[in-house]
Structures are given as structure tokens and as C-alpha cells.
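K.L.:
Sharing a structure here in C-alpha cells format.
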Amino acid sequence: MTGARRFLGLDIGGTKLAAGVAGDDGRLLSREVIPARTEDGPETVIERLVAMGRRVVDASGVAPSDIAATGVSCGGPLDIRTGIVREPTNLPGWIDVPLVARLTTDFADFLGGGPVYLENDANAAAMAEHRYGAGRGVRNLVYLTISTGIGGGVILDDRIVEGESGNAAEIGHMSLSHDGWPCPCGSRGCLEAFASGTNIAQRARDRLAAGEPSSLAALALDTITSGEVAEAARAGDTLAGEVWDDTVRVLGAGVASIINLFNPRLVILGGGVTGVGDQLIAPVRRIALERAFPSMAAEADVVIARLGADIGIVGAVAAAQARLADAA
Ligand SMILES: [Zn+2]
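Residues in the sequence shown are numbered consecutively from 1, following the working numbering.
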């Protein structure tokens, strides 16, 4: 035994469950992803998660007793102090589930009693980019994930900002227009309700339904994605180009506000919508740095996330590592 620590990372998403084992460097020794099928209810989903956790530990070659801690990344709202999942928007029917207590019991005869830590998924992803990704060596950063929704995590002085219960940095629900477009959260003008992948596609659909001409009209209206809007914009389509330009303007304004709020060295953008790379990052960086306070803009940069599709698992590992260090 070299003394290197190993961690089990579990990721509960709305569409998939993922698990893996990693060492202190965040590199995965094993991984597995299965459909979440959340409609089966928390009881069944947790059983699947526990079984998968056991399988990835076995597949990693690490002795179960060498797992120092387990991290669980899950959508909020949740409470990291009590380990209770409150009522995540992406997990219907999960109301006040005592996830940490349950996993601690279920793993007791297998992992040898290491702690289990619950973390908000976007905060976990921020911790992963900080420890192992684009934010390595950076003391102050903000991570923003732009996918079906928009989530965020803030690292200040090398520590995640948790807030009272671990739900801080709901950047997607920063209101940019006080009487603007309605958001399912109950507020108006939220960043997510305009610039998430879901809403980029929805704005294009609304205009197509109103009869505006576009190359997107050749696609099935219900299934248009933000990626198709981006592609049509690149090809010169006017409608798609306008939807995309509106998107990067709003994201740029949001990132400028983030820079003014936190004075970060880096704003890291991740999530499915950032898959288009420079088509998103370049204008968002330009607009954000133009709009933020010049002194803080001069210290900041906007970059793309480095950890890919496994960020949920790696985030859970990063959270376990950080919380274990805090407990020591
Ligand atoms: Zn909102």
C-alpha cells in the first residue's frame, strides 16, 4: 500500500446514474454509466446506485477498505449538512430523501465505514475543475454549466462557497431583467430561462411557429436542439443567428455580473451548450470583459471547462476529497 487515497464518486442525474473510483489526482480507475429511470422512485434508484458503486470498486482493483470517502453529486435543492435531498427539480418524487444516511448504511458492510458526503452537482463540478481541470492552481474562480439548465459554483480563496445548506451560487437564477421572461423558479428574467440549451431551442421554436423563415423550418419543430440552432447560425441562417446573438449577449452580461461580484481570475464555462467551443466562448468573453469593471476585467478570463462528460463522477470525488480534508 502506497498510502495513496482512493475515493468513490457517485453522480445522480435526471437521465443517468454514474459512478467511478479515482485517486487524489481525480483520474478515474473505473467508471460506469446507466440510465437513471427516475420514474421508478428513489428506493429503486438508490438500490441501483449502491449496486453500481460496488461494481466500480470491484472493477477498479482497489480494496473496498481502501476507499477513504464517498462523494455523491446530486441536483439541488439539498442539504449537505444533514445529507438530505430536498426536492430536486430533475428528480421528481425525491422529497426529503435521507440519502447520506441511506448510503452509509448500505455501504457499511462493504466499504468499511468511510464517510459519505453529499454535494450540489454544480458545486461539485466547480470543485472538480478547480482541483483537476481548467482551474488548477487558480485561487478564485466561478464555474458555470450551461446545459438543459444553468448551474454554478464559486471558489474563493481555494474553497467552495457553500452557503447555509450547500446551495449557494444558483447563478442560473440570477435575474438579469427584473420584469423579464418568466422562470419556472418563480422569478423573472433569470439567466437560465433565456440562455439554457432548452431555452435557446425554445426561442427558435417560438419564432418558427410564428411563421418566420429559416433553414431550421426543415427540421421537426419539437426536437430542435440548441446545437442545431448553433449550426444553422454558423451556416448563415438569419433567425438562428439572431437567436444565437441574443444568447451570447445575455450570457456575456451574466458573466460580467459574475466578474463584478466575485473578482475571479477565471470564469469557466462547461456543459453541453459549450460543445460548440469558440462560437460561444469568444463572444461571451468579449462581451463580459467589455461590460465588467475594467480593473476586474483585466484580471479575469473566460475559458472552456477541461473535464468532459465524466465531470459528475469526478465532481463527486473532488467533493469527497475536499470535505474529508476539512474533517481532518
Ligand atoms: Zn429562475
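For every residue, glycine included, the Cβ atom is placed at its ideal position computed from N, Cα and C.
How would you call G113, buried or exposed, if buried means at least 16 neighbouring beta carbons within 10 angstroms?
P.N.:
So G113 counts as exposed.
K.L.:
Under 8 Å: do the region 166-175 and the region 64-79 share three or more Cβ pairs, one atom per stretch?
P.N.:
Touching, per the Cβ criterion.
K.L.:
Could you say if the region 274-281 and the region 309-321 meet the contact criterion of at least three C-beta pairs nearer than 8 Å?
P.N.:
The region 274-281, when compared against the region 309-321, does not touch it at the 8 Å Cβ threshold.
K.L.:
Any idea if S295 is buried or exposed, counting beta-carbon neighbours within 10 angstroms, 16 or more meaning buried?
P.N.:
The residue in question, S295, is exposed, as its Cβ has fewer than 16 Cβ neighbours within 10 Å.
K.L.:
If you follow the beta strand (DSSP E) that G151 is part of, which residue opens it and which one closes it?
P.N.:
150-156 is the span of the beta strand (DSSP E), which, as asked, contains G151.
K.L.:
Answer yes if the region 278-290 comes into contact with the region 250-267, meaning at least three C-beta pairs across the two stretches below 8 Å, and no otherwise.
P.N.:
Counting Cβ pairs under 8 Å, three or more are found: they touch.
K.L.:
At a cut-off of 6 Å, would you count S187 as near ligand 1, judging by its Cβ distance to the nearest heavy atom?
P.N.:
Checking every heavy atom of ligand 1 against the Cβ of S187, one is found closer than 6 Å.
K.L.:
Is DSSP giving L141 helix, strand or coil here?
P.N.:
Of the three classes helix, strand and coil, the one that applies to L141 here is strand, per DSSP.
K.L.:
Measure the C-alpha to C-alpha separation of A59 and Y117 and round it to an integer number of angstroms.
P.N.:
Going from the Cα of A59 to the Cα of Y117 covers about 22 Å.
K.L.:
Using a threshold of 6 Å, is the CB atom of H178 nearer than that to any non-hydrogen atom of ligand 1?
P.N.:
H178 Cβ: outside cutoff for every heavy atom of ligand 1.
K.L.:
Look up A22 in the DSSP assignment and say whether it is helix, strand or coil.
P.N.:
Three-state result, A22: strand.
K.L.:
What are the uninterrupted segments assigned as beta strand (DSSP E) that are 3 or more residues long and contained completely in the region 42-108, given in chain order?
P.N.:
Whole beta strand (DSSP E) segments, 3+ residues: 67-74.
K.L.:
Taking the alpha-carbon positions, what's the V97 to V33 distance?
P.N.:
Using only the alpha carbons, I get a separation of about 22 Å.
K.L.:
I'd like the ranges of any alpha helix (DSSP H) spanning at least 4 consecutive residues and lying wholly in the region 278-314.
P.N.:
Fully enclosed alpha helix (DSSP H) runs of 4 or longer: 278-291, 294-299.
K.L.:
Report yes if the C-beta distance between A142 and F262 is below 7 Å; otherwise report no.
P.N.:
A small fix is needed here, since residue 142 is Val in this sequence, not Ala. Yes; because the gap between Cβ atoms is below 7 Å, this pair is in contact.
K.L.:
Do L17 and L49 come within 7 Å of each other at the CB atom, strictly closer than that value?
P.N.:
Contact flag set, yes.
K.L.:
When you compare only the Cα positions, how much space is there between A4 and T145?
P.N.:
Using only the alpha carbons, I get a separation of about 31 Å.
K.L.:
Compute every distance between the C-beta of H130 and the non-hydrogen atoms of ligand 1, then say whether any falls below 6 Å.
P.N.:
No, Cβ of H130 sits at least 6 Å from all heavy atoms of ligand 1.
K.L.:
Count the other CB atoms, across all protein chains shown, that sit within 10 Å of the CB of A63; report buried if there are 16 or more and exposed otherwise.
P.N.:
Its Cβ having fewer than 16 others within 10 Å, A63 is exposed.
K.L.:
At what residues does the beta strand (DSSP E) containing S177 begin and finish?
P.N.:
That residue, S177, is in no beta strand (DSSP E); it is neither H nor E in DSSP.
K.L.:
Do V72 and V21 come within 7 Å of each other at the CB atom, strictly closer than that value?
P.N.:
For V21 and V72, no; Cβs fall outside 7 Å.
K.L.:
Assign A322 to one of two classes, buried (16 or more other C-beta atoms within 10 Å of its C-beta) or exposed (fewer than that).
P.N.:
By the neighbour-count rule (16 or more Cβ atoms within 10 Å), A322 is buried.
K.L.:
A256 and A288 look like a contact to me (Cβ under 8 Å); what is the Cβ gap, rounded to whole Å?
P.N.:
Correct: roughly 5 Å between the Cβ atoms.
K.L.:
Which whole-angstrom value describes the C-beta separation of L176 and R207, a residue pair presumed to lie in contact below a C-beta threshold of 8 Å?
P.N.:
Between R207 and L176 the Cβ distance is about 21 Å, and since that is not below 8 Å, they are no contact.
K.L.:
In or out: W181 buried (at least 16 other Cβ within 10 Å) or exposed?
P.N.:
Exposed is the call here.
K.L.:
Does the Cβ of C74 lie closer than 6 Å to at least one heavy atom of ligand 1?
P.N.:
Incorrect: C74 has no Cβ contact closer than 6 Å to ligand 1.
K.L.:
List the DSSP bridge partners of F7.
P.N.:
For F7, which the question treats as bridged, DSSP gives the partners A22, A69.
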